[in-house]
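**Student:**
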Amino acid sequence: MLSARHIPSRCSILFGPLEQDAFYFFENVFAKCSPKNFLWSKLAILFHHAYDDATVMHLLLASCLGTVARNHPNRMVLTSAKSHFIMGTSNFVDGIQDPTCNYTKTLMAFWLLQLTYRAIWDDKCRRAIKKLSSAVADYIHKHRLLRLFDSGETPAKNLSGSTSPGEDSVVDSLSIHLATPANKSLVASFLLFIAYEDLDSETCGFGGDVSRLVLSGDDTSCSLFACSRNVHADFFGSLYPCEELMDAWSGRCRWNFTFSQTSALMDCTDSEHHPAMM
1 MLSARHIPSR
11 CSILFGPLEQ
21 DAFYFFENVF
31 AKCSPKNFLW
41 SKLAILFHHA
51 YDDATVMHLL
61 LASCLGTVAR
71 NHPNRMVLTS
81 AKSHFIMGTS
91 NFVDGIQDPT
101 CNYTKTLMAF
111 WLLQLTYRAI
121 WDDKCRRAIK
131 KLSSAVADYI
141 HKHRLLRLFD
151 SGETPAKNLS
161 GSTSPGEDSV
171 VDSLSIHLAT
181 PANKSLVASF
191 LLFIAYEDLD
201 SETCGFGGDV
211 SRLVLSGDDT
221 SCSLFACSRN
231 VHADFFGSLY
241 PCEELMDAWS
251 GRCRWNFTFS
261 QTSALMDCTD
271 SEHHPAMM
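Read left to right, the sequence shown gives residues 1 to 278 (full-length UniProt numbering).
(1) Report yes if the C-beta distance between A50 and V56 is below 8 Å; otherwise report no.
(2) So, at 6 Å on beta carbons, what are the nonlocal neighbours of H58 in its own chain, with the 5 sequence-adjacent residues on each side left out?
(3) Using the Cβ count rule (16 or more neighbours within 10 Å means buried), how would you classify C204?
(4) Report the residue from D122, S228, F149 whose alpha carbon sits nearest the alpha carbon of D219.
(5) Along the chain, where does the alpha helix (DSSP H) containing H84 start, and where does it finish?
(6) Whether or not the region 67 to 78 and the region 122 to 129 are in contact is what I'm after, with contact meaning three or more pairs of Cβ atoms, one per stretch, closer than 8 Å; do they touch?
(7) Buried or exposed for E19, going by 16 or more other Cβ atoms inside 10 Å?
(8) Contact between the region 220 to 231 and the region 72 to 79 is defined here as three or more beta-carbon pairs at a separation below 8 Å; is this criterion met?
(9) Can you tell me whether V187 is buried or exposed? The criterion is at least 16 other CB atoms within 10 Å of its CB, across all chains shown.
(10) Would the beta-carbon of L60 fall within 8 Å of that of L46?
(11) Thinking C-beta only, is I129 closer than 8 Å to Y117?
(12) If you draw a straight line from the C-alpha of G207 to the C-alpha of L145, how long is it?
(13) Output the boundary residues of the alpha helix (DSSP H) element that contains I13.
(14) For P155 and S228, I'd like the C-alpha separation in whole angstroms.
(15) If you reduce the DSSP assignment to three classes, tell me which class T154 lands in.
(16) Taking the alpha helix (DSSP H) that S216 falls in, what are its first and last residues?
(17) If you reduce the DSSP assignment to three classes, tell me which class G207 lands in.
(18) Tell me whether Y51 sits in a helix, a strand or coil according to DSSP, three-state version.
(19) Using the beta-carbon count (16 or more within 10 Å), is residue 281 buried or exposed?
(20) Taking the alpha helix (DSSP H) that L113 falls in, what are its first and last residues?
(21) Using the three-state DSSP reduction, which class does R229 fall into: helix, strand or coil?
(22) Which class does R144 belong to by DSSP, given the choice of helix, strand or coil?
(23) Assuming D209 contacts A137 (C-beta within less than 8 Å), just tell me the rounded distance between them.
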């Protein structure tokens, strides 16, 4: 098991007692309340990317500290969460316009923003999560991320229909970044993470743009879901622990059932909003 207290970092972030407590929470509370294969693999994936990336590390700390701060008497916990959040979002905004941006890290950052907003959940965060839902949906459209999961087609074939130089640059960047199965399955996994968080927010009256886009239940959506199930084995290869692989396999039925339920729910919701289409 990885120990967050002993993971080095090249991202120039100082780890004080509060940061160590936040990672202890992530390891021992958040991860254990998630599907079992999250316990080892998602922690390792996040730290792999956060090791030399200040944006991901700041936002990971912000989301953990924000959750811990809910029932913590020390106000410094929330202050520290907001400080990491400000630094993380500042780095994120500066880097997202880079044409060579890493799609996986960008989606991780979007997801960690969702977790931080949900942890604090004041009026400002509720307004922000609604705007974030729209921004993520626009990002998915702009970079044509769902095109990679069109069933029965290769990524090169999916992305060959651009008509302008601007679109060509997006296609080239996407093709290069997602050339390996590990990157593609990671993108699929975090698209689903974001969509499910967005669905939770929508039930509270905020967001919903991403969940309606990703959890539509069409062939592309189902292909994305199938790809996401390979994320751990693709990313770790032979290093993936056998017991984790068995947990991932046994959990597929639950994920399949959840995905099918969600798609059916989205269909019912769309039918209510658009009765003429029935």
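Here a beta-carbon is modelled for each residue, glycine too, at the ideal position from N, C-alpha and C.
Quick caveat, the model's predicted, so the values are computed rather than measured.
**Tutor:** Here's the rundown:
(1) Along the sequence shown, read from residue 1 onward, the residue named residue 50 stands at position 50. Along the sequence shown, read from residue 1 onward, the residue named residue 56 stands at position 56. Yes, the Cβ-Cβ distance between A50 and V56 is below 8 Å.
(2) What you label residue 58 is simply residue 58 of the sequence shown in a count that begins at 1. For H58, where only same-chain residues beyond five positions count, the Cβ hits under 6 Å are H84, M87, G88.
(3) Translated into the one-based positions of the sequence shown, residue 204 becomes position 204. Exposed.
(4) As a working note, residue 219 is residue 219 in the sequence shown. Comparing alpha carbon positions, the residue from D122, S228, F149 closest to D219 is F149.
(5) Counting from one through the sequence shown, the residue named residue 84 turns up at place 84. Segment 75 to 96, the alpha helix (DSSP H) holding H84.
(6) no
(7) In the sequence shown, counting from the first residue as 1, residue 19 sits at position 19. By the 10 Å Cβ count, E19 comes out buried.
(8) no
(9) Indexing the sequence shown from 1 puts residue 187 at position 187. V187 should be labelled buried.
(10) Numbered from 1 along the sequence shown, position 60 holds the residue referred to as residue 60. Numbered from 1 along the sequence shown, position 46 holds the residue referred to as residue 46. Closer than 8 Å, so yes.
(11) Within the sequence shown, residue 117 is the residue found at index 117, counting from 1. Within the sequence shown, residue 129 is the residue found at index 129, counting from 1. Cβ distance < 8 Å, so Y117 and I129 count as in contact.
(12) Numbered from its first residue, the sequence shown carries residue 207 at position 207. Numbered from its first residue, the sequence shown carries residue 145 at position 145. Approximately 19 Å between the Cα atoms of the pair.
(13) Counting from one through the sequence shown, the residue named residue 13 turns up at place 13. Careful: I13 lies outside any alpha helix (DSSP H) and carries neither H nor E.
(14) What you label residue 155 is simply residue 155 of the sequence shown in a count that begins at 1. What you label residue 228 is simply residue 228 of the sequence shown in a count that begins at 1. The pLDDT assigned to P155 is 47, lower than 50, so where the model puts this residue is not dependable, and the model offers no usable value.
(15) For this step, residue 154 is matched to residue 154 along the sequence shown. Residue confidence is low: T154 scores 49 on pLDDT, short of 50, so the model does not pin down where it sits. No coordinate-derived value is stated.
(16) Taking the first residue of the sequence shown as 1, we reach residue 216 at position 216. Unbroken run through S216: none, as it is neither H nor E.
(17) Locating residue 207 in the sequence shown gives position 207, counting from the first residue. Here G207 sits in coil by DSSP.
(18) Here residue 51 is taken as the residue at index 51 of the sequence shown, counted from 1. Coil at Y51, not helix or strand.
(19) Within the shown structure, residues of the chain are numbered from 1 to 278, placing residue 281 beyond reach of any answer.
(20) Numbered from its first residue, the sequence shown carries residue 113 at position 113. From DSSP, the alpha helix (DSSP H) with L113 extends over 103 to 120.
(21) Stepping through the sequence shown from its first residue, residue 229 is reached at position 229. In this structure, R229 counts as coil in the three-state DSSP scheme.
(22) By 1-based counting over the sequence shown, the position of residue 144 is 144. In the structure shown, R144 sits in coil (DSSP, three-state: anything other than H, G, I, E or B).
(23) As a position in the sequence shown, residue 209 is number 209, starting the count at 1. As a position in the sequence shown, residue 137 is number 137, starting the count at 1. That pair is a contact at about 4 Å.
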